[in-house]
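Following: one structure in structure tokens, then a few remarks.
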Amino acid sequence: METVMAHPFAKYLREAMMPHIWCSGCGNGIILNCFVQAVDELQMDLNKLVVVSGIGCIGRAAGYVNTNSFHTTHGRPIAFATGIKLANPELEVVIISGDGDLFAIGGNHFIHAARRNIGIKVICANNFNYGMTGGQQGPTTPVEALTTTTPYGNIEHPFNLVHLAAASGATYVARWTTLHVRRLTQSIKKLLQKEGFGFIEVVSPCPEIFGRYNKMRTGLEMMEWFRKVSAIENFSDPAKAEITPERIVVGEFVDIAKISYEKLIHEKIAEINEKKMQW
Amino acid sequence: MPVRLWRKPLDAEKVKLPKAEIHILKNQCKGCGFCIQFCPKKVLEESEEINARGVHPPKVVDESKCIICSFCTSVCPDFAIFIVEKPCKEGC
Ligand SMILES: Cc1ncc(C[n+]2csc(CCOP(=O)(O)OP(=O)(O)O)c2C)c(N)n1
Ligand code: SF4
Ligand SMILES: [Mg+2]
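Line by line, the protein sequences give chains S and A.
So in the numbering used here, spot 73 of the first sequence is number 73, and the numbers just go up one at a time.
So in the numbering used here, spot 65 of the second sequence is number 65, and the numbers just go up one at a time.
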């Protein structure tokens, strides 16, 4: 059928940047798709939305969304986002970035932003490796997985990202795979409405540079792996949600309320100013 | 057989099932096959033609089987497929 109608989400994308660079079968496009769908369903004011990314394949996301956006340096999207949020708490600041960017070079930013409960929202595309630079092993690579830098099998233990986020104090923590598009979209909607620091890990296929060394040459094979091994267990113990080839526990892990850092800092500033007036 | 399967709903005459109109932006497709594989009604299949990116985009096998769950719309990494409900004058 010949189409004349535009895609319903086309207005959320920068036309000049399309097509995106992501490989066939890559999950990054699905994450972008679910994100713009959540923004659409919430009817968000695009002038008040800022998308921040670091460097990596998924880091291109900031350049693709038709909102205010910031493509920052490797590992530093949280630092930039913190600045934006504290300068203007009215803005909804969302980070879309990679597992390497957020948890290797940017690991400290992540745990401290969660601890301080800065009201920024982090969506992490976990593809188990550094996709953009050629598939090196990273802090989420599963034990025994083959990558370009672990040709005999990885001997390092990976981070369990949802456990890390929960232990660091995040007020919302969830994990989905790119196959759970409905739940992921609903979860992003929830994330965007939280006051404090929130985190969603999206387990995502990278067939081109991770799957190919691990007996999953196509995105379809990686998605079939997710279908086979993922189990939805809402509010289960994140400490027990380690990702293994046999099991990927998905669901919401944490959903609590806690006053955000930007509220406290602006309250504190007002309080100090008031005291000064009385002198 | 469960009751809901053999009993014809009383309002069956009045209630019209929505009809889908499937839009495929062929040249945006990178041929990952997610929409074809994960459509619960198997409405799509790989076509013979080769698009601008050198892959086989999906084609519609039977539009009337589509239940407008829009899973394909959400799972497409390339924003290359979407479903709209047919306006009533054509659909019902
Ligand atoms: C300071 C600095 N160090 C290293 C790099 C090289 N580099 C670019 S992207 C990347 C890793 C990206 O991995 P990830 O964040 O998981 O994103 P993916 O490509 O997997 O989506 C690295 C190490 C860089 N650009 N800047
Ligand atoms: S290398 Fe991997 S993460 Fe990067 S675009 Fe290709 S499939 Fe996606
Ligand atoms: Mg990565």
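Idealized CB from N, CA, C, for every residue including glycine.
Source: prediction; values computed, not measured.
Among the options, nearest to residue i - alpha-carbon criterion
i         : options                                    : result
Gly98(S)  : Phe235(S), Pro207(S), Val202(S)            : Val202(S)
Ile55(S)  : Lys263(S), Ala241(S), Met132(S), Ile155(S) : Met132(S)
Gly219(S) : Ala80(A), Phe79(A), Val75(A)               : Val75(A)
Met222(S) : Thr148(S), Ser236(S), Glu246(S)            : Glu246(S)
Val50(S)  : Ile58(S), Val65(S), Leu32(S), Ser69(S)     : Ser69(S)
Leu91(S)  : Asn47(S), Cys57(S), Val173(S)              : Asn47(S)
Trp176(S) : Asp40(S), Met18(S), Ile256(S), Glu233(S)   : Glu233(S)
Trp22(S)  : Tyr12(S), His7(S), Gly59(S)                : Gly59(S)
Ala241(S) : Ala166(S), His20(S), Gly75(S)              : Ala166(S)
Asp101(S) : Pro207(S), Val122(S), Ala231(S), Ile188(S) : Val122(S)
Val250(S) : Phe103(S), Leu264(S), Pro207(S), Phe226(S) : Phe226(S)
Lys42(A)  : Ala12(A), Lys16(A), Lys65(A)               : Lys65(A)
His20(S)  : Tyr64(S), Leu191(S), Ile243(S)             : Tyr64(S)
Ala62(S)  : Ile265(S), Leu32(S), Asp40(S)              : Leu32(S)
Asp255(S) : Leu13(S), Phe235(S), Arg115(S)             : Phe235(S)
Lys30(A)  : Met18(S), Ala257(S), Leu184(S)             : Met18(S)
Arg115(S) : Val93(S), Gly83(S), Ser168(S)              : Ser168(S)
Ile30(S)  : Met44(S), Glu15(S), Lys276(S), Phe9(S)     : Phe9(S)
Which of helix, strand or coil DSSP assigns to residue i
i         : result
Phe82(A)  : strand
Ala52(A)  : coil
Ile58(S)  : helix
Gln136(S) : strand
Thr3(S)   : At Thr3(S) the pLDDT is 47, less than 50, meaning the model places this residue with poor confidence; the figure from the coordinates comes in the next sentence. Looking at Thr3(S) - three-state DSSP - the assignment turns out to be coil, as it is neither helix nor strand.
Glu59(A)  : According to the sequence displayed, residue 59(A) carries Lys and not Glu. Strand, per DSSP.
Cys29(A)  : coil
Ala231(S) : strand
Thr177(S) : strand
Tyr213(S) : helix
Asp255(S) : strand
Cys124(S) : strand
Asn68(S)  : strand
Thr148(S) : coil
Thr73(S)  : coil
Ser187(S) : helix
His157(S) : coil
Thr244(S) : strand
His20(S)  : coil
Cys76(A)  : coil
Phe80(S)  : helix
Ile200(S) : strand
Val15(A)  : coil
Same chain, Cβ closer than 8 Å to residue i, neighbours up to 5 away in sequence not counted
i         : result
Pro18(A)  : Ile68, Glu85, Lys86, Gly91
Ser70(A)  : Phe82, Ile83
Glu267(S) : none
Amino acids of chain S, ordered along the chain, whose beta-carbon sits closer than 7 Å to that of residue i
i        : result
Val75(A) : Ile30, Val181
Neighbouring residues, chain A, relative to residue i (Cβ below 9 Å)
i        : result
Trp22(S) : Lys30, Pro77, Asp78
Gln37(S) : Thr73, Ser74
Residues that residue i contacts on chain S, provided the C-beta gap is smaller than 8 Å
i        : result
Val55(A) : Ser24
Residues near residue i in its chain [Cβ-Cβ closer than 7 Å; skip 5 each side]
i         : result
Thr3(S)   : With a pLDDT of 47 at Thr3(S), under the threshold of 50, the modelled position of this residue cannot be trusted, and the question is left open.
Gly138(S) : Asp99, Gly100, Ala104, Asn129, Tyr130
Sequence-distant residues of its chain with Cβ nearer than 6 Å to residue i (five each side left out)
i         : result
Ser260(S) : Asn117, Gly119, Glu195, Gly196
Under 7 Å from the C-beta of residue i: neighbouring residues of chain A
i        : result
Met17(S) : In chain order: nothing, as chain A lies at least about 12 Å away.
Cys34(S) : Ser74
Where residue i meets chain A, residues with beta-carbon distance less than 8 Å
i         : result
Thr177(S) : The premise fails here: Thr177(S) is roughly 11 Å from chain A at the closest Cβ pair, so nothing lies under 8 Å.
Ala10(S)  : Phe79
At least 3 beta-carbon pairs within less than 8 Å: the region 29-39 of chain S vs the region 71-89 of chain S | no
Are three or more beta carbon pairs between the region 141-158 of chain S and the region 170-188 of chain S nearer than 8 Å?
-> no
Is the number of C-beta pairs between the region 8-24 of chain A and the region 50-62 of chain A that are closer than 8 Å three or more?
-> Enough Cβ pairs lie closer than 8 Å, so yes.
Is it a yes or a no for the region 36-49 of chain A touching the region 143-152 of chain S, going by three-plus beta-carbon pairs under 8 Å?
-> no
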